[in-house]
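In my numbering, the protein residues as written are 19 to 516. All C-beta atoms, glycine included, are put in the ideal place defined by N, C-alpha and C.
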RNA sequence: GCCGCGGUAGUAUAGCCCGGCCAAGUAUGCGGGCCUUUCAAGCCCGUGACCCGGGUUCAAAUCCCGGCCGCGGCACCA
């Protein structure tokens, strides 16, 4: 990671400030992870701050506070202090009195249209509310707090350059009235009706919390300019800001509104739907935190938008999970395979869970002279093209007949060398006895495909969240295990990538 | 429309501030080969980019100007 401007070891303070109106997604992971990584790099401090100051249009989700904490922990992000803005309104109110006394802010009790007229015509200097005395403003402020004004009847504005080239900068709104009897706040209920805007609360908190470096998306660039006026009124020094572009994960649903819409339609998968680019969705799909961390560090802090392709994320993820994912044999849309003329009565094959041999092994007993197995329907084609096939880790067979309900084969030979000699394809197989039903959920863009099959007996011992590789199919995460007592009936897995 | 920020291979990123070592590095993808009891991993080879046009300079991806394109903001959202 590139160094931070004017960063001193031990003195860097970063923050991650989500709005708890929803869970966090991959885009939020960027400021969260980078803030954390820089904190670690400079042995500083990181703050988690919930920005929940709009109970009306961005009503906080009560459970989101904890879900966000959980997601951050899962990502490996550790923060040192935590704040909730809705619990800090008195602090903001006190700053307001100071600003008002200094003549740096004023109560605007005219209509938005009236203000806009003065602002857009460059007449802001002469806007009557702007010219009010500090004493009158203080009095009006108290009236606001006491409830003399209804929603939309008064706001508090911070004085800026009244002729700033960007009109949106001019005398921005710092507080507005929200009728919390109509729109209660999940934490403070209807206790407060005068709420700070993002620019006020974030700016004040960044100072009070000693934040030295802000990492935020570039949609805040104009906000930085607005906030600097507040800092200059208060005589504060503005932190260093690093802006970066937006992040998109190709093929995933990212926008909050689209996610909410799908949730309402009832996808049955909730916030962790594997089609979502939410942290929970990616976790569900078998993406590990380290992969997200590496991706964020690679993407960095450029101003340009980045469109991440899933294969890229998958490649990083694969390199992390490949060494520790058990290889499990599973066949989908199973087809019966009958092997005849086996020269031995019974034999046990020992198959390592990983080609490296580092994950142990399981034993499978096979018995002759006639053996019934299951193979994947997708491999039938291979059997039509190749007369000799090797059953992985077992023996070789000759295909005799491909019928619609079964494949008849004869034992051919034992060794791998022999299979090579014939150029025999190697396929996975499942012994029907003690096998487990498996449902593989495959997210594909907006669709969720499900394919069904059976897995070998060893799959009975898989645990939820375990990452496995179904041989010749791909990596997947065990999502659920259905059992009756100790008897595992079925496992459901979510496909991660090949 | 008005403010602001950007544009390096399919994707992501390095280099740009401090011009030459960049006929542009890395990862991933793609093509080919090797290896391998997986369509995984590993190894080798190849593929492919400095938005366009001017200018400054002995020399420009790097500096300047113009254009084009993309993104963000213009909220009593964050």
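Under a 10 Å Cβ-count criterion, residue 366 is classified as exposed, with fewer than 16 other Cβ atoms of the shown protein chains found around its own Cβ. Here residue 414 carries a strand assignment [DSSP, helix/strand/coil]. Around the beta carbon of residue 472, 16 or more other beta carbons lie within 10 angstroms, which makes this residue buried. Rounded to the nearest whole angstrom, the CA to CA distance from residue 431 to residue 293 is 45 angstroms. For residue 172, no beta strand (DSSP E) segment is defined, and its DSSP state is neither H nor E. Between the region 419–434 and the region 363–383, the count of Cβ pairs shorter than 8 angstroms is below three; the stretches do not touch.
With fewer than 16 neighbouring CB atoms inside 10 Å of its own CB, residue 75 falls in the exposed class. Secondary structure of residue 326 (DSSP, three-state): strand. Taking all protein chains shown into account, residue 315 has fewer than 16 neighbouring C-beta atoms within 10 Å of its C-beta and is therefore exposed. For the 8 angstroms CB-CB criterion, residue 385 and residue 369 do not form a contact.
By the neighbour-count criterion, in which 16 or more other beta carbons inside 10 Å mark a residue as buried, residue 467 falls on the exposed side.
If the five residues before and after residue 212 are omitted, its C-beta is found closer than 7 angstroms to the C-beta atoms of 162, 163, 193 and 195, all from its own chain and listed in chain order. By the neighbour-count definition (other C-beta atoms within 10 Å, threshold 16), residue 23 is an exposed residue. It is roughly 18 angstroms from the alpha-carbon of residue 226 to the alpha-carbon of residue 234. Under the three-pair Cβ rule at 8 angstroms, the region 206–224 counts as touching the region 62–75. In the structure shown, residue 91 falls within a helical segment according to DSSP collapsed to helix, strand and coil. For residue 498, the beta-bridge partners assigned by DSSP are 510.
In this structure, DSSP gives residue 267 an extended state, which the three-state scheme calls strand.
Beta-bridge pairing by DSSP links residue 352 to 394. Look at residue 222 here: in three-state DSSP terms it is helix. Judged by their CB atoms, residue 92 and residue 125 are not nearer to each other than the 8 angstroms cut-off. Assignment of beta-bridge partners to residue 259 by DSSP yields 232. Note that the C-beta distance between residue 343 and residue 485 is below 8 angstroms. Taking the Cα of residue 312 as reference, the smallest distance to any Cα among 100, 38 and 338 is reached at 338. Residue environment: residue 228 is assigned as exposed (fewer than 16 neighbouring CB atoms within 10 Å of its CB, all protein chains considered). Exposure of residue 333 is indicated by the presence of fewer than 16 other C-beta atoms within 10 angstroms of its C-beta.
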